[in-house]
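Each residue of the sequence shown is one higher than the last, beginning at 25 in the numbering used here.
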Amino acid sequence: KVFASEDEAALKVAQNIANIIQKKQAKGEYAVLGLATGATPIEVYNNLVKMYQEQGLSFKNVITFNLDEYYPMQPDSRQSYVAFMDEHLFNHIDIKRENIHIPDGTLDKDKIADYCLAYENKIESVGGLDLQILGIGRTGHIGFNEPGSAPNSGTRLVTLDDLTRRDASRDFGGKENVPTKAITMGVGTIFKAKEIILMAWSKKKASIIKKAVEGEISGNVPATYLQLSDNVTFILDEEAASEL
Ligand code: GLP
């Protein structure tokens, strides 16, 4: 779906999320949301905060799982995805802290495999993700599933692509400061979501969007795996869709 602007598209996604939350509320159930970081979803989060402040949308029945976190990463570091989510969403809404899940970037290496399995199990134990929102990296990554990721991959420790680290270098004051690894939900984890929305804005994303939507399905561009799912919607602005 192509929208005239990022603002219009982000509002639509926020309304979609609010609908899920309210439908679940009406049934006395939890809404389980898979959340993403990066610049792309910020306007969606701004809209959700506004809906909380101005329309009384409550997040008390919401459980969230974030896609990924750098490794190693301290949660109180400015570049952590914990800090990102607090700044852009969690600090401004009434979600219960115990319902927030973000991969832990502080673990000892030998604990990570068990932790990742537990992360998957936790998602399953609350009924699975009702919705997963995604951005897309210029390598074609979703979450931090870089080129080479398998379609059935689970939550795991991965090595970041050089281009991904270059793209993150501004946040870290130089590529050398960007962690070389991350913990990410897998492609298989994302696929289990009942609904998936991938968002992309601006000219910068046009060529990777063309590959993701029209290119051959291949681990070289993990976002192409989304072509295999019936539950995916790409939400684009005109610039991101300009090469389709
Ligand atoms: C990071 C995140 C991804 C995100 C990507 C794109 O690598 N781990 O989930 O999709 O960046 O970032 P942006 O939205 O800033 O373009």
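Heads up, the beta-carbon is just placed ideally off N, CA and C, and yes, glycines get one too.
All values reported here derive from a predicted model rather than from experimental measurement.
For T88, the uninterrupted beta strand (DSSP E) run begins and ends at V86 to N90, by DSSP. Under DSSP, Q156 forms a beta bridge with G58 and I220.
Restricting attention to alpha helix (DSSP H) runs no shorter than 4 residues, the stretch 86-132 encloses them at 105-112, ordered along the chain. Collapsing the DSSP output to three states places F258 in a strand. Where V150 is concerned, there is no enclosing beta strand (DSSP E), because DSSP gives it neither an H nor an E.
For D128, the shortest separation between its Cβ and any heavy atom of ligand 1 does not lie below 7 Å. Inter-segment contact for the stretch 82-95 and the stretch 123-142 is present: three or more beta-carbon pairs are separated by less than 8 Å. Annotated as proximal: I166 and I160, with beta-carbon spacing under 8 Å. Looking at R162, A217, L222 and D132, the one whose alpha-carbon comes closest to that of F258 is L222. K74 and P246 have their C-alpha atoms roughly 33 Å apart. With a threshold of 7 Å, the Cβ atom of T64 counts as near ligand 1, since some heavy atom of the ligand is closer than that. Residue pairing by DSSP places F196 in no beta bridge whatsoever. Each residue's CA atom was taken as its position, placing I220 and L155 some 6 Å apart. In the three-state DSSP reduction, R162 falls in the coil class, being neither helix nor strand. Shown here for I119: same chain residues with a beta carbon closer than 6 Å to its own, the five before and five after excluded, namely F83 and V86 in chain order. A Cβ-Cβ contact shorter than 8 Å links A42 with L81.
The residue from E148, K235, A224 and F215 with its alpha-carbon nearest to that of N255 is F215. Under the three-pair Cβ rule at 8 Å, the stretch 64-79 counts as touching the stretch 31-49.
For A174 and I233, the gap between their C-alpha atoms comes out near 20 Å.
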